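To convert a position in the sequence shown, counted from 1, into our numbering, add 16. Backbone N, C-alpha and C fix where the C-beta goes; we use that ideal spot for every residue, glycine too. Remember, predicted model here, so these are calculated numbers, not experimental data.
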Amino acid sequence: GILSPEGYGSWAPGGNGVDSWVAVKLPEASLCESYLVRTTAAVAPLSWKLQGSLDGEAWADLHVVDSTGQWAAAGENKTFTVPEESRGAYLWYRLYVTASNATTMTLQNLRLFRRQGTYFPLDRRLPAGKRLSSGKYVP
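So, in structure tokens, the structure goes:
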């Protein structure tokens, strides 16, 4: 997964997570067909944008989620499909949180898929700062 190469870990940007994002840089520009988000009911974001970028600066909206619905209390994986018309080969992908009811929003896993069931392997030898970043939008 993106949050850790081993597929477990978590991302908690602080507070409700609105206007925060987590991004990953892939080894080469690649097309993402779907993605998985794991979280629990008490800490789930409500809405977000999956975005792609070639340079890590200019971002294109690939998939917009206006409401994720209810999450299981004990944790749940939900898989989302990137619409075909939004797909493209991007070097960077990020999940940008736009709404949340959580006091402390947390994601337990985020995984990108090339094709159904085939996820992007991340180079475990790279330091975290070389492939993963996060932040908060400040206007």
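Put simply, the backbone Cα of residue 59 is about 16 Å away from that of residue 111. By the neighbour-count criterion, in which a residue is buried when 16 or more other Cβ atoms sit within 10 angstroms of its Cβ, residue 85 is exposed. DSSP places residue 58 within a helical segment (H, G or I) once states are collapsed to three. Listed in chain order, the non-local C-beta contacts of residue 82 below 6 Å within the same chain comprise 63, local neighbours out to five positions each way being set aside. In the structure shown, residue 83 falls within a coil segment according to DSSP collapsed to helix, strand and coil. Pairing residue 47 with residue 93 gives a Cβ-Cβ distance that is not under 8 Å. 8 Å or more divides the Cβ of residue 107 from the Cβ of residue 38. Exclusion of the five residues before and after residue 115 leaves 62, 63 as the residues of its chain whose Cβ lies within less than 6 Å of its Cβ. According to the DSSP secondary-structure assignment, residue 91 is paired through a beta bridge with no residue.
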